[in-house]
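Below is one structure, written out as structure tokens, with a few remarks after it.
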DNA sequence: CGTCAAGTTGAAACAGGTCAAATACCGTGG
DNA sequence: CCACGGTATTTGACCTGTTTCAACTTGACG
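Chains as they are written, first to last, in the working numbering: chain A, 210 to 468; chain B, 210 to 468.
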């Protein structure tokens, strides 16, 4: 019953008990495990299923012929890989585990059934897909316009808020199970510079980062320093509105703030 | 009847005469015009229609509070803006005309009808949406990993090939109706550096660029120099396969090459 | 307690940015 | 057909954020 995807989708819409059951079942279908650094799927492969991340982190990435690697996006628990990939013949990028990971494979047929019989879920999955696209656009802005300092800060804001949405934060802290090399590959910087920039963020008291444990003492301060604007995560939605109307706080953390 | 969107979608699938008629009608619905630099829709607006670009170029962009601007993607004729935006409450970015432009507004209802009655079109629109997402990912790689030289070269390859797909190239030439400032905002470089880099591309004979007229004497050479890999455009598809089988060349240019 | 990956540091080099001015281009009105 | 004004392109000199390279330290884990 308890399922991070449900948490996330309820940011957007209110799901019925039946809807939730359907999603819970889906997460119990073909469950797979991978070790850190193993791929879930590789560039060139024919996509067959949609992957739902249950535990651990993964990422999309692409490697250029000369070895340069760009991490294109991060997947955290509750994230769905690519809702409609089947339409394409071959993957144009790989998806790799960053930590040991468990995920559920959802077949094309299962998904088709859900989408024809459960309009509420369908709409919520749509929303999730559009938010994913918005995140990708924001990464374009991040890489194109922000300085190293802002860029890293922005990434940390985004990840913290996404984790909050599925209930994986504890107060102002969360796990950040990635290496500095991976942060470098995601931000288009070198490891060395990521290291120095993290020190700068720490020096200004914007983050605390020991090992894989991240604390953001003042999220608003970090957002300001990183030129971060929440709106691209599209959290201000019906789910929230319903919560407010019912005076019924969502079980998971909230994306939006204030009015 | 003649419609650039049809050209593009036929890269992916074979459309029936009726399908084509439906698409042609759509392009004749609510046609609008905008001057260069005018916005089609602005960040914060509620999205109501899907825009189909008929003539001229546009772009998605985002402006940071301090004025930095990132162009997130280019739209060329035949491009569809955002197939499912209605799900979102507000735009998280703006879409602006780069040249004088004409576009058709497609209503939510029209689109719903098409998608429930024309599975072939639906699937083709899916494909288009997924290719758009793949392009956005490739931009992430471009901004994160490629040097200024490769980055500009890569962008020019992509645009040339996309124009080819809708039949807007003449041999190895096409129009490139954007300013160096706009190329700079798209690549995350400064105008000055774009200017110098374009001179470098010209100097190596990889492009000719007078005014708004671009020639790519040897596309493969430009691709190699730019670490460009066609596969993210997902052109190797059913439409092509059918063409090959029938020995019936597509009316528009082709994305894929060789076998 | 050894080993291997991850994180940290310093010095030097460079890609790309900044600033500011010059030149070319283009549509408009006289 | 030319002069004008505004925008786009080009150039030069200088500056800086980020990279490179290479070594050193710390930490996790069997």
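We put the beta carbon where it would ideally sit given N, CA and C, even for glycine.
In the three-state reduction of the DSSP assignment, residue 384 of chain A falls in the strand class.
Spanning the alpha carbons of residue 337 of chain B and residue 442 of chain B requires a straight line of approximately 10 Å. Within chain B, 349, 352, 353, 397 have C-beta atoms less than 8 Å from the C-beta of residue 352 of chain A, given in sequence order.
Annotation for residue 410 of chain A: the continuous alpha helix (DSSP H) segment containing it runs 400-412. Membership of residue 442 of chain A in any beta strand (DSSP E) is not indicated, and neither H nor E is assigned to it by DSSP. Close CB contacts of residue 386 of chain B within its chain, under the 6 Å cut and outside five residues either way in sequence, are with 266, 308, 421 (chain order).
Neighbours of residue 322 of chain B in chain A, taken as residues at a C-beta separation under 7 Å, are lacking, since the least C-beta distance is about 17 Å. In this chain, the beta strand (DSSP E) harbouring residue 284 of chain A covers 278-284. For residue 279 of chain B against residue 349 of chain A, the beta-carbon gap comes to about 6 Å, under 8 Å, which counts as contact.
In this structure the stretch 431-441 of chain A lies against the stretch 361-373 of chain A, because at least three pairs of beta carbons, one per stretch, are closer than 8 Å. Between residue 377 of chain B and residue 354 of chain B, the alpha-carbon positions lie close to 30 Å from each other. Non-local beta-carbon contacts of residue 268 of chain A in its own chain, meaning distances under 8 Å to residues more than five positions away in sequence, involve 280, 281, 282, 283, 284, 304, 305, 307, 391, 395 in chain order.
Counting the other Cβ atoms within 10 Å of the Cβ of residue 255 of chain B gives fewer than 16, which makes it exposed.
Residue 345 of chain A belongs to the set of residues whose beta carbon lies under 8 Å from a beta carbon in chain B.
Within the same chain, 286, 287, 375 come within 6 Å of residue 213 of chain A by CB-CB distance, once the 5 residues on both sides are set aside.
Pairwise C-beta distances place the stretch 232-250 of chain A out of contact with the stretch 406-419 of chain A, as fewer than three of them are shorter than 8 Å. The straight-line gap separating the alpha-carbon atoms of residue 428 of chain A and residue 332 of chain B is approximately 42 Å. When Cβ-Cβ separations below 8 Å define contact, residue 329 of chain A makes no contact with chain B. Residue environment analysis places residue 345 of chain A among the buried positions, since at least 16 neighbouring C-beta atoms fall within 10 angstroms of its C-beta. Residue contact check for residue 217 of chain A against chain B: no CB pair falls below 8 Å. Within the DSSP secondary-structure output, residue 311 of chain B pairs in a beta bridge with B/242, B/264. For residue 274 of chain A, the neighbours in chain B by C-beta distance under 9 Å run, in chain order, 436, 438. Distances from the CA of residue 220 of chain B to each of B/399, B/238, B/370, B/236 were compared; the closest alpha carbon is that of B/370.
The C-beta separation of residue 398 of chain B from residue 415 of chain B comes to about 17 Å, leaving the pair out of contact by the 8 Å criterion. In this structure, residue 301 of chain B and residue 440 of chain A form a Cβ contact; the two beta carbons are roughly 5 Å apart against a cut-off of 8 Å. Chain-order list of chain B residues neighbouring residue 281 of chain A: 346, 349, 350, by C-beta distance under 8 Å. At least one beta carbon of chain B lies nearer than 8 Å to the beta carbon of residue 296 of chain A. In the same chain as residue 384 of chain A, and ignoring 5 residues on each side of it, the C-beta atoms closer than 6 Å to its own belong to 421, in chain order.
In summary, residue 236 of chain A is buried, with 16 or more beta-carbon neighbours lying within 10 Å of its beta-carbon over all protein chains present. The C-beta distance from residue 258 of chain B to residue 314 of chain B rounds to 4 Å, short enough to meet the 8 Å contact threshold.
No Cβ of chain A is located within less than 8 Å of the beta carbon of residue 307 of chain B.
Per DSSP, residue 397 of chain B is not a residue of any beta strand (DSSP E), being assigned neither H nor E. The Cβ of residue 342 of chain A sits closer than 8 Å to at least one Cβ of chain B.
Taking a Cβ-Cβ cut-off of 9 Å, the neighbours of residue 339 of chain A in chain B comprise 291, 293, 294, 296, 297, given in sequence order.
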